[in-house]
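Read the structure below first, then the notes.
There are 2 protein chains.
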Amino acid sequence: MIAGLPLFTGMRNEELDFLLARARSARYPKDTAIFDQDGKADAFFLLLDGHIRVVRLTPEGEQVIARYINAGELFGIAVAMGRTTYPASAIAAVDCVALSWPNEAWPELTARVPQLASGTYRTIGQRLQETQDKVVQMSTEQVEQRVAHALLRLVQQAGRKTGEGIEIDFPITRQDIAEMTGTTLHTVSRLLSAWEEKGLVRGGRQKVIVTDPHGLMLIAEHRRKR
Amino acid sequence: MIAGLPLFTGMRNEELDFLLARARSARYPKDTAIFDQDGKADAFFLLLDGHIRVVRLTPEGEQVIARYINAGELFGIAVAMGRTTYPASAIAAVDCVALSWPNEAWPELTARVPQLASGTYRTIGQRLQETQDKVVQMSTEQVEQRVAHALLRLVQQAGRKTGEGIEIDFPITRQDIAEMTGTTLHTVSRLLSAWEEKGLVRGGRQKVIVTDPHGLMLIAEHRRKR
DNA sequence: CCTGTTGTTTGAGACGGCGCAAACAGCCTG
DNA sequence: CAGGCTGTTTGCGCCGTCTCAAACAACAGG
């Protein structure tokens, strides 16, 4: 099961065993913190099951959701960036299961299994890229487009097909969506209501179902200028 | 001279020689592109002298300035993130001198000089962190605060002391500042005029001098809520 | 020195999204 | 099943910022 993850492709069985033998597996109940922003980074993680919210807190006490981590992804990899503290908090959005390795083992692990290092760095590269994309979006797009983009991304990364459409398969509030896109829950609520009117989505308490991804895409890509 | 850079601290002389022997040095005149967004990544760079603008172009043709690179910093390190193309363009803001290494040499270089790898990954980690900070700022701050922050950062990273204050030591337009902060040149111009009124800055064509960094800091940190 | 180009300033008006407020709805607990 | 809690919806008014427009200033090149 674990061997199927992209991180581990091309690894020999003995390498995999080596990694797993040194990993600790743990369960994290919904809404618990796996680690805290600015806390001492002493381990890195691989999410086996569930969904995790990566949250940054501003000095003023406002929250910003940097990203969601889905099953199969690494997180808390501060050690690979030469950091000694975590730059954000990780909160279980649902009950989660994750492997973790102590940071002291990092040199040994990567020396023995170079794929771990390269996979980790590729992940970091992707995240940097994604984050830069987000900056570009926040610089150039209207709130409506940003929310549409965020929803489409959630659908793609954590969508579960249902009778009426594709549902985000973890509980997510309007407030959460607002914190992902840099707006207020009021505006998100209004947008979702308008979209529901048009038959693009269906809402519910801590729930969003996208019924017409293509229609949403049109909104997301909509250019106002030129 | 080169040996003093943070990237090279703790390297033995022979390691440094090994790196330099494989590097190519080149001059890039003002306003020329060192590499282009989405172009094939075939080398990575170390800026020896000058200032470089890292620019992303949106599908709609709008520009966003991701960051400035200053002397002593690595750039174009796509290879370390497992990328085959550059995610942005690099434009010389002034006449520049940079070392470059072909990407094919990366495995050999890092194998022989592990400090190069760890330094590069630390750089990437810092950039990820900075970029996330930018997202948080764009989510939570007003334009005025963002511009103030951007200016303070420029002063810190590329400030040159003059009689009247600290000047950004490369030509920078209102448009550039707008593209750094996700606003328009008009708004930037209005802000700078207002600040000049208050004696915080002095402007000029492609020029900004900060005369009262502390005053600017107050604006940057100004909380509207609570 | 004149002229075109590039960068800057400033005004007027419009509007998107926010703050505030209030009512409502689904869920958990006792 | 009553009550509190948490999440959602919606209206209204305002403010910050953008858009559009025009004039101005600095510099470069012929």
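Protein sequences, first through last, are from chains A and B.
Numbering-wise (the numbering used here), the first sequence opens with residue 1 and increments by one.
Numbering-wise (the numbering used here), the second sequence opens with residue 1001 and increments by one.
Backbone N, C-alpha and C fix where the C-beta goes; we use that ideal spot for every residue, glycine too.
Exercise for the section: Pull up the distance between the alpha-carbon of residue 44 of chain A and that of residue 5 of chain A, whole angstroms please. Expected result: 17 angstroms
Problem - Under 7 angstroms from the C-beta of residue 62 of chain A: neighbouring residues of chain B - result: 1140
Practice task
List the endpoints of the continuous alpha helix (DSSP H) containing residue 1213 of chain B.
Solution key: 1213–1221
Practice task
Please classify residue 15 of chain A: does DSSP put it in a helix, a strand, or coil?
Solution key: helix
Practice task
Starting from residue 121 of chain A, find everything on chain B with Cβ-Cβ shorter than 7 angstroms and list it in chain order.
Solution key: 1080, 1081, 1082, 1121
Handout entry: Per-residue burial, residue 98 of chain A [other beta carbons within 10 Å of its own, 16 or more giving buried]
Key = buried
Practice task
Grab me the residues of residue 231 of chain A's own chain with a C-beta within less than 6 angstroms of its C-beta, minus the 5 sequence neighbours each way, in chain order.
Solution key: With chain A covering 1 to 226 only, the question about residue 231 of chain A has no answer from this structure.
Handout entry: Contiguous alpha helix (DSSP H) assignments of at least 4 residues, all confined to the region 1133–1164 of chain B
Key = 1143–1158
Handout entry: Beta-carbon spacing of residue 146 of chain A, residue 156 of chain A below 7 angstroms
Key = no
Handout entry: Listed by chain order, chain B residues near residue 135 of chain A by CB distance under 9 angstroms
Key = 1056, 1064, 1066, 1131, 1134, 1135, 1138, 1182
Practice task
For residue 1170 of chain B, collect the residues of the same chain with a Cβ closer than 6 angstroms to its Cβ; drop the 5 residues on either side in sequence, then sort them by chain order.
Solution key: 1051, 1093, 1094
Practice task
State buried or exposed for residue 205 of chain A, treating a residue as buried only when at least 16 other CB atoms are found within 10 Å of its CB.
Solution key: exposed
Exercise for the section: Determine whether the Cβ of residue 1125 of chain B lies closer than 7 angstroms to any Cβ atom of chain A. Expected result: yes
Handout entry: Local conformation of residue 5 of chain A per DSSP, three classes
Key = coil
Exercise for the section: Could you round the C-beta distance between residue 1012 of chain B and residue 132 of chain A to whole angstroms and report it? I think they count as a contact, below 8 angstroms. Expected result: Actually they are not in contact, since the Cβ atoms of residue 1012 of chain B and residue 132 of chain A sit about 35 angstroms apart, beyond 8 angstroms.
Handout entry: Residues near residue 77 of chain A by beta carbon distance below 6 angstroms, same chain, minus five either side
Key = 44, 120
Exercise for the section: Would you please verify whether the beta carbon of residue 109 of chain A is less than 7 angstroms from any beta carbon of chain B? Expected result: no
Exercise for the section: Give the secondary structure of residue 1030 of chain B by DSSP, where H, G and I count as helix, E and B as strand, and everything else as coil. Expected result: coil
Exercise for the section: Starting from the C-beta of residue 1176 of chain B, find all residues in its chain whose C-beta is less than 7 angstroms away, skip the five residues before and the five after it, and write them out in chain order. Expected result: 1065
Handout entry: Own chain residues within Cβ distance below 7 angstroms of residue 1223 of chain B, not counting five before or after
Key = none
Exercise for the section: Determine the closest residue to residue 162 of chain A out of A:212, A:188, A:33, A:197, with distance taken between C-alpha atoms. Expected result: A:212
Practice task
Report the residues of the region 1085–1116 of chain B with a CB closer than 8 angstroms to any CB of chain A, ordered along the chain.
Solution key: 1087, 1088
Practice task
Enumerate in chain order the residues of its own chain whose CB-to-CB distance from residue 1083 of chain B is below 7 angstroms, with the five nearest sequence positions on each side excluded.
Solution key: 1041
Practice task
Please classify residue 68 of chain A: does DSSP put it in a helix, a strand, or coil?
Solution key: strand
Handout entry: Supposed close pair residue 22 of chain A, residue 109 of chain A - CB separation, criterion 8 angstroms
Key = 7 angstroms
Exercise for the section: Could you round the C-beta distance between residue 1208 of chain B and residue 1152 of chain B to whole angstroms and report it? I think they count as a contact, below 8 angstroms. Expected result: Contact flag wrong, Cβ pair sits at about 11 angstroms.
Practice task
Tell me, please, whether the CB atom of residue 128 of chain A is closer than 7 angstroms to any CB atom in chain B?
Solution key: yes
Practice task
Answer with buried or exposed for residue 154 of chain A, where buried requires no fewer than 16 other C-beta atoms within 10 angstroms of its C-beta.
Solution key: buried
Exercise for the section: Take the Cβ of residue 149 of chain A as the centre, count every other Cβ of all protein chains shown within 10 Å, and call the residue buried at 16 or more, exposed below. Expected result: buried
Practice task
Measure the CB-CB distance between residue 112 of chain A and residue 8 of chain A and report whether it falls below 7 angstroms.
Solution key: no
Problem - residue 35 of chain A versus A:185, A:48, A:135, A:75, residue with shortest Cα-Cα distance - result: A:75
Exercise for the section: Give me the Cα-Cα distance between residue 1225 of chain B and residue 1105 of chain B, rounded to the nearest whole angstrom. Expected result: Note on residue 1225 of chain B: pLDDT 48, under 50, position unreliable in the model; the coordinate value appears next. Whole-angstrom Cα-Cα distance: 52 angstroms.
Handout entry: Continuous alpha helix (DSSP H) stretch holding residue 1194 of chain B: start and end
Key = 1185–1198
Practice task
Compare the C-beta of residue 27 of chain A with all C-beta atoms of chain B and state if any pair is closer than 7 angstroms.
Solution key: no
Problem - Buried/exposed call for residue 114 of chain A, threshold 16 Cβ in 10 Å - result: exposed
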